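Asker: Encoded as structure tokens, here's the structure I'll be asking about.
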Amino acid sequence: MLLLWYHCDGTGPAWAVPEQPEIITGDWVFRGQTEHFVDAHIQEIPENAADTAHLAFLHGPAILSGSDLRYTKSRLWDFMKHVWKAEWQPEPEPHRHCSHMQLQHTATIFGRRFPLLDLSVSARQVGPGLVFLIFKHAFLGHGIILQTVTPLEPLLQNVVHKIYYQKNVPAIIPKFILRAECIQFERDVTIWNNKQYLPRPLLVCEDAGIQKHRRWFAQFYSERSTRPSVPKGDLDW
């Protein structure tokens with residue numbers, strides 16, 4: 001993966017992107033990728049991590065129901081549910097340009113937990129457009145999805161997910177994980193493509209993480225940055 005630094009003020013790199021040791025050593029190998037074009041502001045996509053309240057509604061329905069939100073609530077697939085527990089936090093200095101989300105996934109079938117689908121995900125965002133999502137499964141091994149968000153226009157983002165997984169694990173396993181992630185991501189894309197970004201939305205207590213994330217993300221703007229419409233000088237979201 002080739003990464004280039006760009007700053008609208010012309011300043012040099014303020015941080016380095018960490019390497020993933022398992023990829024460097026060859027223990028984890030490339031198993032596939034997906035690509036999407038999203039009609040949204042770049043800030044919308046990482047903000048999703050802090051919006052933990054949406055997980056049950058949007059990502060609770062079984063992946064078997066697909067990504068079309070008209071059918072995800074169908075009774076046909078109601079026997080299976082995804083259960084998510086997530087916590088997002090910004091990192092302190094010297095890594096204030098990073099944030100971290102810990103995600104625990106379980107699934108229920110006919111109301112009973114199905115341990116084989118238990119999954120732990122540690123997601124670390126580095127800067128505004130790069131995320132390391134490390135997967136850990138008790139039986140199916142470990143791997144990582146690298147998410148990159150590249151602005152093509154002010155409200156058009158190119159989002160790529162690349163998965164690397166243990167080379168001794170059959171390729172069908174990481175391909176299934178990538179497919180499941182793709183279905184869930186496309187549910188978000190439907191929302192992003194049909195919503196308006198509000199710089200100062202009306203938030204309830206369950207949305208406290210969104211405000212916290214916006215304050216963290218504000219560090220990536222400068223005076224010359226193109227940003228969501230907001231009264232001049234007001235970044236206290």
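Under UniProt numbering, think of the first position of the sequence shown as 1, with each following residue one higher. We treat Cβ as the ideally placed atom computed from N, Cα and C, and that holds for glycine. The model shown is predicted, which means the values in this text are computed figures rather than measured ones.
With contact counted as at least three CB pairs below 8 Å, one residue from each stretch, are the stretch 53-73 and the stretch 82-92 in contact?
Answerer: yes
Asker: Taking the runs of the alpha helix (DSSP H) that are 4 residues or longer, which of them lie wholly in the stretch 1-25?
Answerer: 21-25
Asker: Quick one: is E93 buried, meaning 16 or more other Cβ sit within 10 Å of its Cβ, or exposed?
Answerer: exposed
Asker: Round the Cβ separation of T106 and D118 to the nearest angstrom and send it over; I've been treating them as touching at under 8 Å.
Answerer: Between T106 and D118 the beta-carbon gap is near 5 Å, inside 8 Å, which marks them as a contact.
Asker: Do the stretch 61-78 and the stretch 179-189 meet, that is, are 3 or more Cβ pairs less than 8 Å apart?
Answerer: yes
Asker: Considering only residues of the same chain and omitting the five flanking positions on each side of G32, which have a CB-CB separation below 6 Å?
Answerer: I163, K175 and L178
Asker: Confirm, please, whether the CB-CB distance from N193 to D51 is below 7 Å.
Answerer: no
Asker: Can you name the start and end residues of the alpha helix (DSSP H) that H59 belongs to?
Answerer: L55 to H59
Asker: Are S122 and Q102 closer than 7 Å when you measure CB to CB?
Answerer: yes
Asker: Where are the alpha helix (DSSP H) runs, 4 residues long or more, that stay fully inside the stretch 47-125, in chain order?
Answerer: 55-59
Asker: Between the alpha carbons of N48 and F220, how many angstroms are there, rounded?
Answerer: Inter-residue distance for N48 and F220 is about 17 Å (C-alpha atoms, whole angstroms).
Asker: Per DSSP, which residues does H41 bridge with? Please list them.
Answerer: According to DSSP, which records beta bridges pairwise, H41 is partnered with nothing at all.
Asker: How far does the alpha helix (DSSP H) with E153 in it extend, from its first residue to its last?
Answerer: No alpha helix (DSSP H) holds E153; the beta strand (DSSP E) holding it covers G141 to E153.
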